[in-house]
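Asks: Protein chains in written order, with the working numbering: chain A, 887 to 1352; chain B, -11 to 630; chain C, 112 to 281; chain D, 72 to 514; chain E, 81 to 187. One structure, pasted below without further comment.
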Amino acid sequence: MALILLPLVFGIIAWFVPGNISRIFGLIASTVTLAWSIIAVSYFEPSEHLLVDFGLRFVRFSIDSLGFTMVLLTNSVFFLVFLSNFNTSIVHEKRFTALALLMQFGLLGLFTTNTILGFYIFWELTLLPIFLILYWFGAFDKPRALLQFFLYTLVGSLAMLLSIIGLMHLTNQQTYDALLAADIQSFGNTSIFLMGGFLLAFAVKIPLFPFHTWQAETYTKAPTAGTMLLSAIMLKMALFGLLKWVLPIFDGNATDFWRWPVITLGLVGIIYGAVIAIRQQNLKTLFAYASLSHLGLIAAALMLQNEHTNLISVVQIVNHSIVSIGLFLAAGIIEERLGTQQLDQLGGIAKVAPRFGFWFAVLTFVSLSVPFTAGFIGEFFLIKALFSAHTFTGILASTTLVLGAVYMLKAYQVPMFGPTKINSFQDLHWSELAVFAILSIAAIYLGLAPQCITDFVAHSLTQPTH
Amino acid sequence: MAKDLTLLLLLALPLLGFAVNGLFGKRLPKIIVGSLATGLVFTAFLLATSLFSGLHGTQIVHLFNIIDFDQLQINASFQIDALSVWMTLIITGIGSLIHLFSMGYMSHDEGYHKFFTYLNLFIFSMLLLVLGSNYFVLFFGWEGVGMCSYLLISFHYNDAQKGLANSLAGRKAFIMNRIGDVGLLLALFMLLGQFNTLEFLKIGAAVQQNTALQGGAMFFITLSLFIAATGKSAQIPLFTWLPDAMAGPTPVSALIHAATMVTAGIYLTVRSNFLFELAPFTKDIMLYVGLATTLFAAFMALRQNDIKKVLAYSTVSQLGLMFVALGFGAYTVALFHVTTHAFFKALLFLGSGSVIHGMHEEQDIRKMGGLAKLMPVTHFTFLIGTMAISGIPLLSGFFSKDEIMAQALHHNTFVYVVLVLAVTMTAIYMFRLYFLTFHGAFRGGEALKSKVHESGLSMTLPLILLAVLSIFGGLLNLPGLFFKGAAHWFDHYLSHSTFGLSEVHNVHLDFNTSIGLMLFASAVAIGVMIWAYLNYAKKGALAKEDAALSGWERLSAQKLYIDEIYHAVFVRPLLAFSDFIGKVVDIQMLRNGIYALADGILYSANLTRKWQTGFLSSYLFWMIFGLITFIAYYILKLSVWH
Amino acid sequence: MSLQIISIILGSLTLASALMVVLSKHPIRSVIYLVVTFFFITSMYIMMNAQFLAIVNMIVYAGAIMVLFLFVLMLLNLNKEMEPMNAKGAQIAAFIAGGSLFLVLITALKDTLILGQTYRQQDNSIGLVKELGNLLFTKYVVAFELTSILFIAAMVGAILLAKREKQIIE
Amino acid sequence: MDSIVILFISGLIGLFAGMQKKPLLSIIIASLGLVSAGVAAYFKGSYISPLSSYEAYVPTQGLIIILLCTVTLLAILGGYKRYAADNEHTGDYLALILFSLCGAVLMAQPNDLMLFFIGLEILSIPIYVLVGIEKGSSRSAEAAVKYFFTGSFASAIILFGIALLYGATGSFQLIEIQSNLAIGIWQSPMAIIGSLFLLAGFIFKIGAVPFHFWGPDVYDGASNAVLMYMATVVKIAGIYALVNVFGQVFRDSYGFWIDLVSLIIVLSMFYGYITAWKQTSFRRLIAYSSIANAGLMIFALADTHNSNLFLFVAAYAFATIALVVINSIVNDDTDSLVNWEGIAWRHPLIGIALVISLFSLAGIPPFAGFFGKFSLLWSAVPHVPYTAILALIASVIGAFVYLRLMMSALKKPTVVVRSPLSFEQILVLTLTSLAAIGALYFI
Amino acid sequence: MQAASSIGTSLDFFLFVSFALFTIGAIGAMTRKNMIVLLMCIELMLNAVNLMLVTFSTYYGNGDAQIFVFFTMVVAAAEATVGLSIIIMAYRNLKSIDIDMYNKLKN
């Protein structure tokens, strides 16, 4: 219970903390939550469910090993976000600390809720803090881009709300297990529509190809911490929803109906994002499109509903969080110190700031999913799954390797290599260094021993469903 | 020491060097950094020799499981057999020499520790590549060396004159390699789909048990493997990165882009021989691709003026030669050439490195000349290298090339004729290079001439050792003409414990043909040497300026315009496509579409608010209108229902 | 028979005077026509034997309320003709709207406008004061009492609004 | 009936106490009246009322009465500053509000069309007056004029409908009307036309398209204090009356009018939200948003057995009151959205209440507005799925309106101006915020 | 009872008159600009309803409708009072009772 409520409590306290110690408070709060979840996981029997009930009608919690993985991921991400921004101005604002912690609460709720309406509530609950963070601390010159982000997510989530209402009406159930047990297939085409509603929400959030246009602009204009939160953990909500809720519940004709459309969109996204990223001049925009490319792969692979692929996709989800924190941190560091992210204004930073150059390179290679990193395991098995499903999809999906090299290396070497164009560049602060180190170690550890996640998650993903 | 421990130690040593130099290198004195890296690789070499001496049969060393699902198991495990140990010997042996060389060559470089860090990482990756007992671990190494290659090519990323050029060359290499990697990846998927394992031995066993596998599946698998090989081993169509990769420091060119990494494709093919044997069509493709590569690369090398570029095209050409051998199914022959090529090409590159070092980073042979007196050791060793690669009799290159020619003559006369042409060109450009560099008058100006100096011991020692190896390397696999007992030692060595190779037998020509072949080859090589001597050393012919070139010379100097063609056919359309979808589709159509929708709503807001006129009469009118609508709705509904 | 003719005549006169309320330009005349209309309506009530309502209509409506109207008109000194007519288009639109409302009403209700045929003779004493009084103070006493709220609210409101505040006298 | 009597009496007392020119006294009396009316409604049936014989005519029990009293209490507290400023009339204003609330209570749960009509008038007439209390303001006068004429016109329409219904069924009692119509409303066009006129009148009261025109102008011209009352209570009473009449009496002809109602819902929501987009004045914005919200409320008609309306109207009312209270802090005489810029920085409570209220109105969890919308849609979706889809699309546009407002309010100003809040403002903002959050625990 | 039966045949006509009266009132409300006349037009509409109610009352022989008419008159009186005071108040502000002058609030 404290696992879920802790961030809420901290988030409320954070409003009353004076601004000058808010960054320390944020760091402590996130450390405590992380530590708490680590302790909790050590007592957690992965094959069991941890039930938490506050006596609410529509919101109940049940934590399984997948949920726990996501909880750990969430807490780690928030810890890293606070740590990595320790030296930036944003954490001096108690508003940020408080909102971030509230958002953490929303995410934890989402990952642990056991009711479908609870899923929706937490889904939207996360939107509120991130919206305020983006608005207050972002560089949105026009409200348009920010509103576009909201429009898209809202359209998606309202479609999901309709689907949830329909689902609850049809099955007369609301908990996860009961919904799993319900015979959705007997509703025929209705179930296809219902799943479509969910998929629309997820497609916006992941994002899948034609629904991604909010992403690049939002990422670019958002404060670094906000971008990290968005891409490292918020997008994962959709994948989690797909993995845990939608695919198992709608197993059957609805999934069969949507499988190839979604895979197609995912594939289009993979190539589309990568191709666009090649020519981007803004670092964050480039990473945003890269993210589109990477997540399209996970989404497409998830639709295959292959047991092993599902397990591996969790690894890939974690990996993507690692990568996006790292890359956006790098972009943020550049932006913060030089005030620009335009590639043509940058050059030769590695010379001035060798430590930064080194760690950025490591993260670049992690995102290129070279072997020894979690990304490799992830991409290898996901593409393999797509390849087994259809040769052509596999071949198309594997182009991400080549195109990824094209844009990632550009993103790395244009600012870091070449003649030095900048005057001074303060090398990494210890907090940033720590984040980079943690991320790299995690990526390499998972690259060599992905089994630690897959075994744990397998308890909740390989249970016989119907 | 137990073999598995030896092996793990062998792997761990370069990794240790990488870690130590990476973490503390900046604070350690250069000498310690360099000797640590070199020493570790050399120790690894010693361990490799111990493995070599104690080698019998194939042994698997299992480390841990990477993925362990019920049906699917992927292990981090290693395989000790003749092939892997031999490759290990080359890598660590040549590697330690080049490390030694680098200690001198890089001594003035700021990134000294970084260089050795990367170099050790490369050695580690390369060892993974060759030692892995399955394709997965192989892939680890495969991509790892690609990554190191990138880092090392773009090592001098901060160069003020060349700007981003170095790192762009690195990126080109990485991307081209990645294309090949995709091939390997697809092959892996197909293998997993077909055999549900990636272990060499298990796949081999499955192949042997089930002979019905011949056919489509095998063709696609091997084709994908070959695509991977073309990427890494710089074959047509993915060869253009290798000449550009010369942007890296010269020891890197020697180690990665001549001796070891680029031969990974050959290694892969040899390792997968049992698969290739089932796919004759792929072998044919391989043969002709190799043939074309060797010919065109040799042609392109003819009029290059950058000392390293000549060597780079030469490498491409030699690699093509190896693929020709592989195309004939002569795996050991190819590997033999890999070995000798490693010796003499490393020698040549290091020699050129020594020249460049002595010339203070000048690489253009038009500015050299007469270096023989200024740099005697370099000159002498370089000459040996040149002779070895040109096929001057009794040097290592002579034997290895001769084997390939023999295969060609036996299988396909056309191929043989083309090969002769290529080999002749090889001799021509090599001697052109040699004479222009070391003979004639110094063309670099007096100021530079006074500064030119012979390199130090750490650089010349590797040169000498490699020269020795280049001379005697041929002894490893003597043709069975005279010393029958010592002949074909290498073939036997490889076949006896490498899976699949024992079943493959090379053709051996009869005595007369062999002698004839050898004599012909010797005549060609020596003839070219004499011609070159007369032309360049005596007549003093010089390399022409670019503007003066015409006809075939221009084509050669411009590398057949392949880069330009690639740029026009692939790069430009991709960029244009990227711009198109990035700016037109994404921004203008999709995003502005959303904005247009929003604007439409905004605009309609302008209309709807006009409805609220402010006049009470109109409000009352609309209320009555609403009432009328209600009643009309009723009347309509009634008439529809009845 | 004669009643029917009388009712038709009365009805026509009612409508005619009502139209004059709408059409006459001078507000005072409108008031007068309205009083006339009420008078005709009252006579219809009498025809239907709704005596109490007829009297109330005469006294309260035609008497009190209309006097109030006149009073306000005089008070505001607006008895001169000052009303600019609407734009023709709006006028026509209003007439068309009114006409169509009437038309759709009649169309929709044409089948039920047959009260005369289904009319059964009823006790015609219901409109008398006694009957209505009984009803008002038994069945509808709640409503009757609640109207007091209405009145007091209206009274307070009217005073609140119409009272001339000292501070805003210009 | 008890509640009505209590309200009336406290209104009368307040009226006379107002002569003391002590605003505090008036507000205390009014508050006490409201609280005791609510308490009386809550404990209805557990005590013996001297008025129990009237209960058959005027049922005054249930949450709805309590809601009306609570909302009115918040509204008079929120507007207290305005009422107190004119201390000569404070008692009159509050009395008018209490009288008007009597009408609301009377009409919200009608079982007799006659009482309903009287209730409607008791509700409306004081509001006509209240809209015009800003005597120096021509806007206020215009608003009063417009509201009065459109309102009377609508009364005539409702009356016409009632008359037609009476003509068709011979009774004003809803139960009798229902039983008389049970043989088939299709036999009686008169009843149907009557019901349509009645519908038009209801829609006028809650201000949905196409009878919404009074809304923006009147809200714009009225003072913030009055707006708090009339934007909430009138709508609540109107929608409850609509649901009770249509959901019960005309349940049989559901298939007939539901399409029309759907059309009204969709038009209202789109029209309201779209037009709200371009407003530059806060009260007009709230007016248009309330048109859209009225459309949403009409969803309660979709399921005649289980309307699930309560939560939504409560959330709507609380959020609206909170926003208008906030508006009254910056926009007293003027009414421009420009003044909203950076308003959240004036006081933390303003920021919190504003964010919560706007998100609640936009229907974003975990605030009451979401649960209100959810429960409405929960009942409606099986019956009118396509309308629900359109409504959700419209509410995206609505979310935009609220978000833009919120963004402007949250923008950090260059110079942070603090405005102290008075006690009753703090009370109102706190209560509304707590209610919006607390909804989570009551569903 | 000749007279009574003839009144029966007149009922339809009274209803017709009532509808027409309502319509005329509505038209007047839409077209007239003078607020007092406007108020009168609305009174006309109310009277139309009254007439209809009395007609129905006669038809059903039921006094309820006549009671309703009584209340309608009450309401009309209250409305007229408030309406007229609003008109006076408005006149003081804008010095006009032309309804078209009251269009500052719009859009």
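Glycine residues also receive a C-beta, built at the ideal position from the N, C-alpha and C atoms.
1) Give the secondary structure of E632 (chain B) by DSSP, where H, G and I count as helix, E and B as strand, and everything else as coil.
2) Any beta carbon from chain A within less than 8 Å of L380 (chain D)'s own beta carbon?
3) Apply the 10 Å Cβ neighbour rule to V275 (chain D) and answer buried if 16 or more other Cβ atoms are within range, or exposed otherwise.
4) Where does A205 (chain C) sit, in a helix, a strand or coil, going by DSSP?
5) Quick check on L130 (chain C): does DSSP put it in helix, strand or coil?
6) Mind listing the chain A neighbours of E131 (chain B)? Cutoff is C-beta to C-beta under 7 Å, in chain order.
7) Could you tell me which chain E residues have their CB closer than 7 Å to the CB of T258 (chain C), listed as they occur along the chain?
8) Regarding T1259 (chain A) and the ligand MG, is the C-beta to nearest heavy atom distance less than 7 Å?
9) For the alpha helix (DSSP H) containing S948 (chain A), list its first residue and its last residue.
10) Can you confirm whether L164 (chain E), when its beta carbon is compared against all beta carbons of chain C, has any partner nearer than 8 Å?
11) Could you please give me the residues that DSSP links to H50 (chain B) through a beta bridge?
12) Which runs of the beta strand (DSSP E) spanning at least 3 residues fall entirely within the segment 445 to 498 of chain D, listed in chain order?
13) Show which residues of chain D have a CB atom less than 7 Å away from the CB atom of E1010 (chain A).
14) Roughly how many whole angstroms lie between the Cα atoms of L247 (chain C) and A165 (chain C)?
15) Is L421 (chain B) helix, strand or coil by DSSP?
16) Rounded C-beta distance between T161 (chain D) and P94 (chain D)? I'm assuming under 8 Å.
17) Measure the CB-CB distance between S171 (chain D) and A273 (chain C) and report whether it falls below 8 Å.
18) Please state whether DSSP places D288 (chain D) in a helix, a strand or coil.
19) When burial is assigned at 16 or more other CB atoms within 10 Å of the CB, is Y156 (chain C) buried or exposed?
20) Would the segment 1146 to 1153 of chain A count as touching the segment 1184 to 1191 of chain A if we require 3 or more Cβ pairs under 8 Å?
21) At a CB distance below 7 Å, what residues from the segment 606 to 623 of chain B approach chain E? Give them in sequence order.
22) Hey, would you say V326 (chain B) sits closer than 8 Å to I372 (chain B), going by beta carbons?
23) Could you tell me whether the Cβ atoms of A96 (chain E) and I119 (chain C) are closer together than 8 Å?
24) Determine the DSSP secondary structure at N398 (chain D), reduced to helix, strand or coil.
25) With 8 Å as the threshold, decide whether the Cβ of L252 (chain D) is near any Cβ in chain B.
26) Compare the beta carbon distance of F143 (chain B) and G236 (chain B) with 8 Å and say whether it is the shorter of the two.
27) Using 8 Å as the cut-off, can you tell me whether the segment 1194 to 1209 of chain A makes contact with the segment 102 to 122 of chain B, which would need three or more C-beta pairs spanning the two stretches below that distance?
28) Among all the DSSP beta bridges, which residues are the ones paired with A937 (chain A)?
29) Run through chain B and tell me which residues come within less than 9 Å of K349 (chain D), C-beta to C-beta.
30) Closer than 9 Å, Cβ to Cβ, to anything on chain A: give me those residues from the segment 237 to 252 of chain B, in chain order.
31) Using a beta-carbon distance below 8 Å, is T249 (chain C) in contact with chain E?
32) Within this structure, are the beta carbons of L252 (chain D) and S259 (chain D) separated by less than 8 Å?
33) If we count Cβ pairs, one from each stretch, closer than 8 Å, do we get three or more for the segment 355 to 371 of chain B versus the segment 410 to 430 of chain B?
Replies: In short, the structure shows the following:
1) The first residue shown for chain B is -11 and the last is 630, placing residue 632 (chain B) beyond what the model contains.
2) Locating residue 380 (chain D) in the fourth sequence gives position 309, where the first residue counts as 1. So, not an interface residue.
3) Looking up residue 275 (chain D) in the fourth sequence gives position 204. Looking at the sequence provided, one finds Phe at residue 275 (chain D) rather than Val. In this structure F275 (chain D) is buried. Its beta-carbon is surrounded by 16 or more other beta-carbon atoms within 10 angstroms.
4) Numbered from its first residue, the third sequence carries residue 205 (chain C) at position 94. DSSP places A205 (chain C) in helix when its eight states are reduced to three.
5) Locating residue 130 (chain C) in the third sequence gives position 19, counting from the first residue. In the structure shown, L130 (chain C) sits in a helix (DSSP, three-state: H, G or I).
6) In the second sequence, residue 131 (chain B) corresponds to position 143, counting from 1. Going along chain A in sequence order, the residues near E131 (chain B) (Cβ under 7 Å) are V1256 and P1257.
7) Here residue 258 (chain C) refers to the residue found at position 147 when the third sequence is read from its first residue. Per Cβ cutoff of 7 Å: F151 and V154.
8) Judged by which ligands are present, the structure shown has none, so any question about the ligand MG falls away.
9) Numbered from its first residue, the first sequence carries residue 948 (chain A) at position 62. Here S948 (chain A) belongs to no alpha helix (DSSP H); instead the beta strand (DSSP E) covers F947 to I949.
10) As a working mapping, residue 164 (chain E) is identified with position 84 in the fifth sequence. L164 (chain E) counts as touching chain C.
11) The count along the second sequence starts at 1 and reaches residue 50 (chain B) at position 62. According to DSSP, which records beta bridges pairwise, H50 (chain B) is partnered with B:S65.
12) Contiguous beta strand (DSSP E) elements confined to the segment 445 to 498 of chain D do not occur, taking only those with 3 or more residues.
13) Stepping through the first sequence from its first residue, residue 1010 (chain A) is reached at position 124. Within 7 Å Cβ-Cβ: I435 and P436.
14) Here residue 247 (chain C) refers to the residue found at position 136 when the third sequence is read from its first residue. Here residue 165 (chain C) refers to the residue found at position 54 when the third sequence is read from its first residue. Taking the Cα positions, L247 (chain C) is about 17 Å away from A165 (chain C).
15) Position 433 of the second sequence, counting from 1, holds the residue named residue 421 (chain B). Note: L421 (chain B) maps to helix in three-state DSSP.
16) Sequence index remark: in the fourth sequence, residue 161 (chain D) carries index 90 (1-based). Sequence index remark: in the fourth sequence, residue 94 (chain D) carries index 23 (1-based). T161 (chain D) to P94 (chain D), Cβ: 4 Å. Contact.
17) The sequence position of residue 171 (chain D) within the fourth sequence is 100, counting from 1. The sequence position of residue 273 (chain C) within the third sequence is 162, counting from 1. Not closer than 8 Å, so no.
18) Residue numbering aside, residue 288 (chain D) sits at position 217 when the fourth sequence is read from its first letter. The three-state secondary structure of D288 (chain D), taken from DSSP, is helix.
19) Numbered from its first residue, the third sequence carries residue 156 (chain C) at position 45. Burial call: buried.
20) Yes, the segment 1146 to 1153 of chain A touches the segment 1184 to 1191 of chain A.
21) Going along the segment 606 to 623 of chain B in chain order, one finds L608, F609 and I612 with a Cβ nearer than 7 Å to chain E.
22) Position 338 of the second sequence, counting from 1, holds the residue named residue 326 (chain B). Position 384 of the second sequence, counting from 1, holds the residue named residue 372 (chain B). Contact flag unset, no.
23) For this step, residue 96 (chain E) is matched to residue 16 along the fifth sequence. For this step, residue 119 (chain C) is matched to residue 8 along the third sequence. It is worth fixing the name first, because residue 96 (chain E) is Phe in this sequence and not Ala. Going by C-beta atoms, F96 (chain E) is not nearer than 8 Å to I119 (chain C).
24) Taking the fourth sequence and counting its residues from 1, one reaches residue 398 (chain D) at position 327. DSSP places N398 (chain D) in the helix class (H, G or I) of the three-state scheme.
25) Position 181 of the fourth sequence, counted from the first residue, corresponds to residue 252 (chain D). No, L252 (chain D) lies away from the interface with chain B (no Cβ there is under 8 Å from its Cβ).
26) Taking the first residue of the second sequence as position 1, residue 143 (chain B) is located at position 155. Taking the first residue of the second sequence as position 1, residue 236 (chain B) is located at position 248. Judged by their CB atoms, F143 (chain B) and G236 (chain B) are nearer to each other than the 8 Å cut-off.
27) Counting C-beta pairs closer than 8 Å gives fewer than three between the segment 1194 to 1209 of chain A and the segment 102 to 122 of chain B, which falls short of the contact rule.
28) The residue labelled residue 937 (chain A) in the question sits at position 51 within the first sequence. In the sequence as displayed, the identity of residue 937 (chain A) is Leu instead of Ala. Bridge partners of L937 (chain A): A:S948.
29) Position 278 of the fourth sequence holds residue 349 (chain D). The contacting residues are L590, A593, N594, T596 and R597.
30) Result list empty, no residue passes.
31) As a first step, residue 249 (chain C) must be located in the third sequence, where it is residue number 138. Answer no: the Cβ-Cβ gap between T249 (chain C) and chain E never drops below 8 Å.
32) The residue given as residue 252 (chain D) occupies position 181 in the fourth sequence. The residue given as residue 259 (chain D) occupies position 188 in the fourth sequence. The answer is yes: Cβ separation under 8 Å.
33) Touching, yes, given that three or more Cβ pairs across the two stretches are closer than 8 Å.
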